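For the sequence shown, this note's numbering puts the final residue at 278, and the numbers step up evenly by one.
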Amino acid sequence: MALPTFTMRQLVEAGVHFGHNTRRWNPKMAPYLFGVRNGIHIIDLQQSVPMLHRGMQAVRDVTAAGGRVLFVGTKRQASEIVAESARRCGQYFVNHRWLGGMLTNWKTISQSIRRLRELDEQLSTGALSGLTKKEQLNLTRERDKLERALGGIKEMGGLPDVLFIIDTNKEALAVQEANKLGIPVVAVIDSNSDPQGISFPIPGNDDAIRAIQTYCDLMSGAVLDGIQAEITRGGGDLGASAEAPIEQIPEIEAASASEDAAQPV
């Protein structure tokens, strides 16, 4: 594998260049804006392309060194995409609600994760069969609540090494906690965002589903490339893995290969 590639055309098709209404903007974003069209700020994709690549490279370097990546996106249109992308590359996510102290008070969060595991075990083994229906229902509700909040990080085992965030306004608390602990932040910043505190800002639309899908696909691809680099450096045998790595074959190459196979020998 290699670091995923993308073009400016792909970003345009995904609507990455559309910012917010000019009334809803943050003046700190002025350097990243190209202009205004129909009362909407247009983001300068000539800056977004190299900055997105730098963010992907940062995520790739972290995973190549054995680090953990935490995907964060709790807004409605990002929630499922963030969870799916994190699972696809074996990383961690927060997609329901960012709990205060999720990073800075990790000890308390760890206790909640331990409680979630206990409830999971009790419910799966039938250990609650001796309780009344109401008691079972209350414990099931408690488990579901903990699963929504902590299910994406229950296997993380410690603080992440980098955060990838969709919408820094909604996830301002996550940015603050990461800055306090010195954890680098890779984040999509829209025209109404504050770029301060973001280690690797990516100017772009943080509301459109296609744009969010594009960012998450590229970041999960960068993670997979980093993991493969770590395995290769450690002398691992990729061919002996239970699950072989998925290679992205360009359509042009695939077509030419099929044409070559059709040629008479």
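No residue lacks a Cβ here, since even glycine has one placed at the ideal position from N, Cα and C. Quick caveat: nothing in here was measured; it's all calculated off a predicted structure.
Look at the beta carbons and you see the stretch 87 to 106 touching the stretch 166 to 184: at least three pairs across the two are nearer than 8 angstroms. In its chain, beyond the 5 residues on either side, L24, V29, I215, P216, G217 have a beta carbon closer than 7 angstroms to the beta carbon of S61.
Relative to L132, the option among W111, L116, G164, N118 whose CA is nearest is G164. Between T227 and A91, the beta carbon gap of about 12 angstroms keeps them out of contact (Cβ cut-off 8 angstroms).
In the DSSP annotation of this structure, H54 is not part of any alpha helix (DSSP H); the continuous beta strand (DSSP E) holding it starts and ends at 53 to 56.
Secondary-structure assignment with DSSP links R50 through a beta bridge to I53. L83 is bridged by DSSP to Y105, L176. Nearest C-alpha to A43 among I55, L116, R50: I55. In the three-state scheme derived from DSSP, where H, G and I count as helix and E and B as strand, A185 is classed as helix. In the three-state scheme derived from DSSP, where H, G and I count as helix and E and B as strand, A200 is classed as strand. Going by DSSP, I215 is part of the beta strand (DSSP E) stretching over 213 to 216. Beta-bridge analysis with DSSP links F31 to I55. With a contact defined as Cβ atoms closer than 8 angstroms, V49 and D174 miss out at about 38 angstroms.
The distance from the Cβ of N205 to that of R37 is about 5 angstroms, consistent with a contact at the 8 angstroms cut-off. Straight through space, the alpha carbons of G247 and E93 are spaced by roughly 33 angstroms.
DSSP places N205 in no alpha helix (DSSP H); its state is neither H nor E.
Counting other Cβ atoms within 10 Å of its Cβ, L83 reaches 16 or more and is therefore classed as buried. With a cutoff of 9 angstroms on beta-carbon distance, Q70 and M21 are scored as not near each other.
P17 is a Cβ neighbour of D230, given a cutoff of 9 angstroms. Between A162 and S137, the gap from beta carbon to beta carbon reaches 9 angstroms or more. The beta carbon of L194 is closer than 8 angstroms to those of L116, T117, L172 in its chain, skipping five residues each way along the sequence. The Cβ-Cβ distance between Q149 and L159 does not fall below 9 angstroms. Approximately 5 angstroms separates the beta-carbon atoms of V72 and A235; this is inside 8 angstroms, confirming the contact. Contact check for R67 and F213: beta-carbon distance about 6 angstroms, within the 8 angstroms limit, so the pair qualifies. For A191, the secondary structure class from DSSP, reduced to helix, strand or coil, is helix. Across the set I179, A191, A242, the C-alpha of A191 shows the shortest separation from the C-alpha of W119.
The C-alpha of N151 lies about 27 angstroms from the C-alpha of R89.
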